[in-house]
Amino acid sequence: MIFVTGGAGFIGGNFVLDWILGDTPMSQQDSVLNIDKLTYAGNLETLASIKNQAKHVFMHADVADRARMSQLFKEYQPKAVLHFAAESHVDRSIHGPGDFIQTNIVGTFNLLEATRAYWSDLPSDQKADFRFLHVSTDEVYGTLSPTDPAFKETNAYEPNSPYAASKAASDHLVRAWHHTYGLPVLTTNCSNNYGPYHFPEKLIPLCILNAINGKPLPIYGDGQQVRDWLYVKDHCTAIRTVLEKGTPGQTYNIGGWNEKANIDVVKQICQILDEIKPKLDGTSYANQITFVKDRPGHDRRYAIDASKIERELGWKPKETFETGIRKTVQWYLDHPEWVEGVVSGNYRQWIDLQYATPKA
Ligand code: NAD
Ligand code: DAU
């Protein structure tokens, strides 16, 4: 049994689906206890295809609830914890940082403490094999100028948003639990993911759905901010690789070697839609691009140097941005029922709040 926290969200959900439905024969596969609070970002529809799989157990719980976590450790005796659960949207962290402090920092602290209590009492062989894998972000490193080298694991932490600061704090806690208590931890710092089941508050799914619904495609500021995009399935294989082969106490940067300016990402989505779902009036979806007020403290450029994980663990991404974005656009066209399910009243309130401000 492994624990996956946040397994009803975007990356955790993709990870659990790949784990349960992937190539490993079922008999050799560890079961998953999927622990998720089901915030606005958690969606059981994502897990519909594994609803009846005996090797997947869903547990509605908050990682910050230490007593509950301790009880789950006692009951299920996992050999690893994969910690995805977090508040993950930068804009939400600007509007209301409290939930980010609570889940990303206090939640990680409580989960670490429950893990430590369980791990300390394990027999020595199981103790040595146990892993706590903390899923983190490149945003902890701050921002790059156009000519700076990409982020390495040795870069200083310089987080700029409440979200990034909360993730940086959680990374520090995980590191300290290794150095002080010997907990066998692994930390991954990944760049921007995209792909199926991505909540439509984030740039790529938001623009795909707004485009086909005839709505504006909102670009913050001048649209020249650069992100390094990784197809989510590649992130999932990287995490699995780190879990299997990573050295406890080490951190691994994960990225797609795909730096793109936001405006170019959105134009590429429009081009694909023009090709596979042309508008009836013959105009391009790119006409819906609208420049809006910039995000406060908006980091200009992220780029990941993923050479350590390739050199030491043999992982590299399979998808290019061109192949991954095409699959992603097609996935959203093919899954309107999933989109319907996640676009709840709460989400609509968020959209009204975030995009109510006038044009830049
Ligand atoms: P997400 O917002 O889509 O999903 C987060 C999940 O965590 C949801 O299912 C939510 O219900 C759950 N959750 C939130 N608070 C919880 C709590 N207190 N207890 C239990 N469950 C809780 O996020 P995501 O994009 O899938 O990101 C997953 C992880 O990967 C996060 O730690 C994030 O920081 C990190 N990350 C994300 C990206 C990205 O591009 N999305 C890139 C690098 C790292
Ligand atoms: O870098 C990894 C991070 O990537 C993860 O840690 C975060 O959890 C994840 O949300 C993501 O953060 P970003 O802020 O980079 O992603 P987002 O999709 O919100 O924005 C991507 C870029 O697009 C960013 O420069 C802001 C811009 N943007 C975003 C939205 C939602 C727009 O121009 N318009 C928009 O409407």
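Under the numbering used here, residues 1317 to 1676 are what the sequence shown spells out, in order. Don't be surprised by glycine CBs; every beta carbon is placed ideally from N, CA and C.
Looking only at Lys1518, Lys1390, His1399, the smallest Cα-Cα distance to valine 1332 is reached by His1399. Secondary-structure assignment with DSSP links valine 1379 through no beta bridge to anything. Contact annotation: leucine 1349 and histidine 1376 have beta-carbon atoms that are not nearer than 9 Å. Within 10 angstroms of the beta-carbon of asparagine 1529 lie fewer than 16 other beta-carbons, which makes it exposed.
Here glutamine 1442 is exposed, its C-beta having fewer than 16 other C-beta atoms within 10 Å. A check of alpha carbon separations from leucine 1519 across Gln1344, Tyr1671, Asp1352 identifies Tyr1671 as the nearest. Residue pairing from DSSP places lysine 1576 in a beta bridge opposite Arg1543.
With a cut-off of 8 Å, the C-beta of glutamine 1418 is classified as near the ligand NAD, since at least one heavy atom of the ligand falls inside that distance.
Here isoleucine 1524 is buried, its C-beta having at least 16 other C-beta atoms within 10 Å. Taking a contact as a CB-CB distance under 8 Å, the pair glutamine 1584 and isoleucine 1620 does not count as one, their CB atoms being some 20 Å apart. Shortest Cα-Cα distance from serine 1386 to any of Leu1428, Tyr1547, Arg1627, Ala1370 involves Leu1428. Relative to the non-hydrogen atoms of the ligand DAU, the Cβ of serine 1507 comes within a distance shorter than 8 Å of at least one.
For secondary structure counted as the alpha helix (DSSP H) over 4 or more consecutive residues, the stretch 1548-1599 holds these complete runs in sequence order: 1548-1561, 1578-1592. Looking at the DSSP output, phenylalanine 1607 shares a beta bridge with Ile1535. Following the DSSP letters along the chain, one finds histidine 1399 inside the beta strand (DSSP E) bounded by residues 1396-1399. For arginine 1642, there is no enclosing beta strand (DSSP E); the enclosing alpha helix (DSSP H) has its first and last residue at 1637-1650. With the rule of 3 Cβ pairs closer than 8 Å, the stretch 1413-1428 counts as touching the stretch 1485-1499. The beta carbon of serine 1409 sits no closer than 8 Å to any heavy atom of the ligand NAD. In this structure, DSSP gives arginine 1491 a helical state, which the three-state scheme calls helix.
Secondary structure of aspartate 1464 (DSSP, three-state): coil. Taking histidine 1494 as the centre and dropping the five residues before and after it, the same chain places the C-beta of Pro1500, Val1501, Pro1564, Gly1565 closer than 8 Å to its C-beta, in chain order. Distances between the C-beta of alanine 1357 and the heavy atoms of the ligand NAD include at least one below 8 Å. Going by DSSP, threonine 1504 is part of the beta strand (DSSP E) stretching over 1501-1506. In this structure, the ligand NAD has no non-hydrogen atom nearer than 8 Å to the beta-carbon of glycine 1539.
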